[in-house]
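This note's numbering applies: residue 5 is where the sequence shown begins, and numbers increase by one.
All residues carry an ideal CB built from backbone N, CA and C; glycine is no exception.
Just so we're clear, the structure is a prediction, and the values are computed from it rather than from any experiment.
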Amino acid sequence: MPKNEGGKDKTMLKRVLVILGLACIVSSSFGLASATITNEGFDYIAGHMAGYGTNAYSPMWNHNSTQIAYIQSNTKSSDVWVMDADGKNKTQLTTYVDLKVTGIEWSPDGTQIAYSPHDPTGRSVYSTNIWVMDTDGSNKTQLTTDRWGYYPDWSPTGTQIAYSVRNLAGGQEYSNDVWVMDADGSNKTQLTSSGNIYKPVWSPDGTEIAYVSYATANPSIRIMDSDGSSTRQLDRPRLTSIDYRYDEDPNWSPDGTKILFISQRDRPGNWDIWVVTSYLNNPKSLTEQTRAHETRRYADVSAYSYTNPTWSPNGTEIAFTSGSSGAGTRVISVMDADGSNKVQLYPEEEVILFKGYFSDLGWSPDGTKLIFSVEKDQRNSIGILKLGESPIPTATPSAIPTPVSSPTPATTLLTQAVGHLDVASTPAGAEIYIDGDYKGVSPLSIANVSTGNHSLRLTMTGYENWTATKVVKANETSSVSATLSEIQTATFTPSVPAETPSPPGYEAIVAIAGLLTVAYFLRRHEKH
């Protein structure tokens, strides 16, 4: 190769490398074309100012993000309290002397609270039962009486409650199963009978219930229809009889198509966040890729875990806590629903670790706040994070990102108000798409649909696509009933082409041509 051509090649190579380098800088600066959740402020709102020995924990949002129910305890008892979303107007709803409340649950319409008081001394094994009351503490009603009932979970319509029941015989535990009852305590029905069943959770459309089974050495997640039929189990690896790989805390996505859970299936003793389809197939770890980075960054890590996953109201993000249990450190972070774009929210600086524990993480229904319990210095308090978002950066001609001066409110990203959409079709079994996104098969009740106009499309093999535009209003249920038209297959009858008539004298011409050909060959034969 001539010398000058080699120089040209090297110059061209340098230019290519420079361009690739700039492209990498731009891509790393912008990331994916999506907004990033930001921390707009942290504050304690309960428990931190109370006297020594008083703790506040287990916060839970009501349906419209205006109130928070929680448990406040002292050395002898615990009670149900409510407060406004900003921590004001704290009101005690129960006044127990020696009982402790173990669980609270708002009704879907925000008018009642279910809770479970129990006797921690064990003097009365039947003292743990499920009660309901109005949100001002009135109309307290005991729903279960003859068994130990706890872990109440309202159905999406608020007409039923699923719960765990510990049956007792002679004071000895022998079974723990899932039951359902009407919201007034009537029509109690046992759904499972294998025992060691806990934490029932309704699907968003109310047709299924997820729960955790401890029937074997390895707790597993299972799903059944709301009548107790058609049970299916999430498979998990198990290498030996002592290789415990726990799956815990099932958490339905707002559209009901996926389930978050925490698991030790990858590394016994430490938790990761996983997601699986509602059919319990294709489980995927959402935190596996970042685990090595976290353990390299923190020198005091003895067992790094990811816990407390919670969906954003629109199902596009997941908030979670992570840290080292051995070092007593935790951080609160958020990631996209596929596990990408992880952002640490609190503490804001990644090098700073919070010397305590976070739990009970909950995203407000309007998407603007995160609520959680804080355990620090032998005290439990309730903290809140106000959320914002950083705008999507826009590339400039110089390929340098424009600095973000101030984040915009989270309301531009997360839905402020939602409604419900009931979709039915004739025939049933059509695939439902809202704004191009697959939601499930008809009939289907879809919760947490953002308000406004939505394009609907129903498809089914052998039928014409059905499309429409539907308006969804805040806190209302809109119904759609689609009648699909069968594709009409045209009857095809092959036609036989008519014979083209031969021109006049055609046969005679063919015969003469044949005779002339024969005569020609005979004449050649005579010459030879």
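Could you check whether residue j and residue i sit closer than 9 angstroms to each other, using their CB atoms as the reference points?
i: T291; j: G343; result: yes
i: D364; j: M64; result: yes
i: Y154; j: S120; result: yes
i: W158; j: A219; result: no
i: K477; j: L460; result: no
i: K192; j: T148; result: yes
i: G319; j: S217; result: no
i: G371; j: L391; result: yes
Whose CA, out of the options, lies closest to the CA of residue i?
i: R271; options: P258, S482, D181 and S309; result: S309
i: N78; options: L389, A472, N384 and S179; result: N384
i: R334; options: F324, N143 and G440; result: F324
i: S198; options: G232, I322 and K94; result: G232
i: G423; options: S454, G433 and V205; result: S454
i: Y100; options: G114, S69, D88 and H122; result: H122
i: D113; options: H67, R170, G273 and W85; result: H67
i: N285; options: G273, L264, Q268 and N274; result: L264
i: H458; options: P431, S328, K443 and P447; result: K443
i: A428; options: V378, A486 and T465; result: A486
i: W367; options: F376, Y361 and V136; result: F376
i: D102; options: S111, W110, S82 and Q116; result: S82
i: T139; options: V84, S168, Q146 and K192; result: V84
i: E480; options: K104, D426, T463 and M137; result: D426
i: Q71; options: T106, V105 and W110; result: W110
i: A341; options: F362, K359 and T314; result: T314
i: D188; options: N143, F362, T106 and S289; result: N143
i: A472; options: T465, G466 and Y437; result: Y437
i: W152; options: D253, V105 and V169; result: V169
In whole angstroms, what is the alpha-carbon distance linking residue i and residue j?
i: I201; j: S449; result: 27 angstroms
i: Q348; j: N312; result: 15 angstroms
i: M339; j: N452; result: 20 angstroms
i: E435; j: Y74; result: 40 angstroms
i: L488; j: K373; result: 42 angstroms
i: Q492; j: Y350; result: 60 angstroms
i: G2; j: Q96; result: For residue 2 there is no data in the structure shown, the boundaries of the chain being 5 and 532.
i: W470; j: P287; result: 32 angstroms
i: D181; j: Q194; result: 7 angstroms
i: N133; j: V184; result: 14 angstroms
i: K92; j: S69; result: 14 angstroms
i: G210; j: N255; result: 14 angstroms
i: D239; j: I213; result: 17 angstroms
i: V4; j: E321; result: The displayed coordinates of the chain run from 5 to 532. Any statement about residue 4 would go beyond what the structure contains.
i: R108; j: P156; result: Residue identity differs from the one stated: residue 108 is Ile in this sequence, not Arg. When rounded, the distance between both Cα atoms is 8 angstroms.
i: S306; j: S328; result: The predicted position of S306 is uncertain, since its pLDDT is 47 and thus under 50; a value taken from the coordinates is nonetheless stated next. Taking the straight line joining both Cα atoms gives about 6 angstroms.
i: M87; j: A432; result: 45 angstroms
i: N274; j: Q116; result: 37 angstroms
i: V378; j: D441; result: 37 angstroms
i: V205; j: Q164; result: 12 angstroms
i: N59; j: T235; result: 39 angstroms
i: L462; j: E490; result: 13 angstroms
i: K18; j: N345; result: Residue confidence is low: K18 scores 42 on pLDDT, short of 50, so the model does not pin down where it sits. Its coordinate-derived value is still stated next. The straight-line gap from Cα to Cα measures roughly 32 angstroms.
i: Q76; j: A89; result: 16 angstroms
i: T98; j: R269; result: 41 angstroms
i: P447; j: T196; result: 26 angstroms
i: V445; j: Y283; result: 13 angstroms
i: M16; j: D276; result: A caution first: M16 carries a pLDDT of 42, below 50, which makes its placement in the model too unreliable to give a value.
i: S482; j: G456; result: 11 angstroms
i: S179; j: T430; result: 44 angstroms
i: F362; j: D229; result: 33 angstroms
i: Q237; j: P223; result: 11 angstroms
i: Y467; j: D439; result: 20 angstroms
I'd like to confirm something about residue i: is its beta-carbon nearer than 8 angstroms to some heavy atom of the ligand ZN, or not?
i: G423; result: Ligands are entirely absent from the displayed structure, and the ligand ZN is therefore not among its contents.
So, under 8 angstroms CB-CB, residue i and residue j are touching, yes? Tell me the CB distance rounded to an integer number of Å.
i: G162; j: S207; result: About 15 angstroms; that fails the 8 angstroms criterion.
i: D186; j: I225; result: Not a contact, Cβ separation roughly 26 angstroms.
i: K80; j: A50; result: Incorrect: roughly 19 angstroms between the Cβ atoms, too far for contact.
i: I386; j: Y48; result: 7 angstroms
i: S326; j: S316; result: At roughly 17 angstroms, the Cβ-Cβ gap does not stay under 8 angstroms, so S326 and S316 are not in contact.
Comparing the C-beta of residue i with each C-beta of chain D, is any distance below 9 angstroms?
i: S289; result: Among the chains of the structure shown, chain D does not appear; only one protein chain is present.
Original post:
Which whole runs of the beta strand (DSSP E) in the segment 426-457 are 3 residues long or more, in chain order?
Top reply: 435-438, 441-445 and 448-454
Item to check | Inside the segment 132-190 only - beta strand (DSSP E) runs reaching at least 3 residues | outcome: 135-138, 152-158, 164-173 and 176-186
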